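For reference, the structure discussed in these notes is given below.
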Amino acid sequence: ALICVFLFANGVPALAQIGLPEFLFGTTWRPANDIYGIFPMIVGSIYVTAGAILVGVPTGLLCAIFLSRFASGKIAAFLKPGVELLAGIPSVVYGFFGLVMIVPFIRDNMPGRGLSLLAAAVLLGIMILPTIIRTTQESLKTVPDSYREGALAMGAGKWHMVRTVVLPNAVDGIVTGCILAVGRIVGESAALLYTAGFGLVLNNFVTALESSSATLTVALYVYASERGETDIAFAIATILMLLTLVINLSANLVGRKL
Numbered sequence: 472a473l474i475c476v477f478l479f480a481n482g483v484p485a486l487a488q489i490g491l492p493e494f495l496f497g498t499t500w501r502p503a504n505d506i507y508g509i510f511p512m513i514v515g516s517i518y519v520t521a522g523a524i525l526v527g528v529p530t531g532l533l534c535a536i537f538l539s540r541f542a543s544g545k546i547a548a549f550l551k552p553g554v555e556l557l558a559g560i561p562s563v564v565y566g567f568f569g570l571v572m573i574v575p576f577i578r579d580n581m582p583g584r585g586l587s588l589l590a591a592a593v594l595l596g597i598m599i600l601p602t603i604i605r606t607t608q609e610s611l612k613t614v615p616d617s618y619r620e621g622a623l624a625m626g627a628g629k630w631h632m633v634r635t636v637v638l639p640n641a642v643d644g645i646v647t648g649c650i651l652a653v654g655r656i657v658g659e660s661a662a663l664l665y666t667a668g669f670g671l672v673l674n675n676f677v678t679a680l681e682s683s684s685a686t687l688t689v690a691l692y693v694y695a696s697e698r699g700e701t702d703i704a705f706a707i708a709t710i711l712m713l714l715t716l717v718i719n720l721s722a723n724l725v726g727r728k729l
C-alpha cells in the first residue's frame with residue numbers, strides 16, 4: 472500500500488502536467504521538446520508479450536502434459552529440478568544468455584541487427600516456462616481420476632483422453648497461469664535491455680519482430696537511472712503499475728469465472 476501511495480503521489484501530478492491522452496496515445500517521443508507519447512512503447516510491450524506467449528504457452532503446456540501423464544517416474548524426477556532451476560535463475564542472467572546466444576543467432580540468420588523483439592520474445596517465452604508448467608501441472612491434478620478412467624474405459628487413447636477430457640476440465644488453472652505469466656512479462660526489464668534494445672518503432676507485428684523496440688519497463692529504467700528524468704519515470708511507472716494490477720485482477724476474475 473505504501474509503495475502504491477508513493478508511486479501514485481508522484482506519478483499522477485506528472486501525468487496531469489503532460490496530459491493523460493497525449494501521454495498514452497501520442498506517437499512522438501521528444502523529451503527535448505517536452506513531447507511525451509508512450510504509445511510506441513505500449514505497442515512494443517504488447518508485441519513482445521504476444522510473441523512470448525506464442526513461444527512459451529504451447530511449450531509449457533506440452534511439457535506439463537508430458538510430465539504429468541506420459542513421463543515415467545524416473546524421467547519426471549529428473550526433469551522436475553530442471554523446471555525449478557529455470558524459476559530460480561535471475562532475469563539478468565537470462566538477459567545475458569539472450570545477448571550472447573539468441574541475439575547473435577538472429578543476427579546471423581535473419582534480417583536486422585539481432586537486437587529485436589523476436590529475440591526478446593524467445594527469451595521471455597523461456598522465462599515463463601516454469602510458471603506455465605507449474606500451474607498446468609497443478610490444474611491437471613485437480614481433474615478427478617474417474618474422468619480419466621471413464622474415458623479410457625470407453626476406448627479413448629491416452630492422448631485423446633488428455634486432449635478431450637483432462638485439458639477442458641483444467642482450463643481454469645491453465646488460463647490463470649497464462650495471465651500470471653503475462654504479468655511477469657509486462658514487468659520484465661533486464662532481459663529486454665539485453666535483447667530488445669531501445670528503439671521506437673510503430674510497425675505491424677511481423678515487421679516489428681525484426682526491429683529493436685522500446686517497452687515500458689526499458690523506458691522506465693532508461694529515464695529513471697541513466698537520464699535522471701524522474702517525473703517521466705514516475706509517469707511511466709504509474710501506467711505500468713496500473714497495467715500490472717489489471718492483469719493480476721484479471722487472473723483472479725478468470726479463475727473464479729471458469
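Heads up: the sequence shown begins at 472 in our numbering, then just goes up one per residue.
Cβ coordinates follow ideal geometry from the N, Cα and C atoms, glycine included.
Owing to the predicted nature of the structure, the values given are computational and were not obtained by experimental measurement.
With 16 other Cβ atoms within 10 Å as the buried cut-off, status of residue i
i, result
"GLN488", "exposed"
"ALA706", "buried"
"ILE573", "buried"
"GLY626", "exposed"
"MET598", "buried"
"THR701", "exposed"
"THR498", "exposed"
"ALA722", "buried"
"VAL633", "buried"
Euclidean distance between Cα positions of residue i and residue j
i, j, result
"LEU557", "ASN504", "44 Å"
"ALA590", "ILE513", "18 Å"
"PRO552", "VAL725", "30 Å"
"LEU570", "SER684", "15 Å"
"HIS631", "LEU495", "46 Å"
"TYR565", "LEU594", "7 Å"
"ILE517", "TRP500", "18 Å"
"ILE645", "LYS545", "25 Å"
Residue i, DSSP secondary structure in three states
i, result
"ILE718", "helix"
"ARG501", "strand"
"ILE599", "coil"
"ILE560", "coil"
Distance between beta carbons of residue j and residue i, contact taken as under 8 Å
i, j, result
"SER587", "ALA667", "7 Å"
"ILE604", "VAL554", "5 Å"
"LEU663", "THR688", "6 Å"
"TYR665", "PHE567", "6 Å"
Residue-level contact to chain B via CB, residue i, 7 Å cutoff
i, result
"PRO484", "Absence of chain B from the displayed structure is noted, only one protein chain being present."
Where the alpha helix (DSSP H) containing residue i begins and where it ends
i, result
"GLU731", "Since the first residue shown for the chain is 472 and the last is 729, residue 731 is missing from the structure and cannot be characterised."
"LEU533", "510-536"
"PRO492", "491-496"
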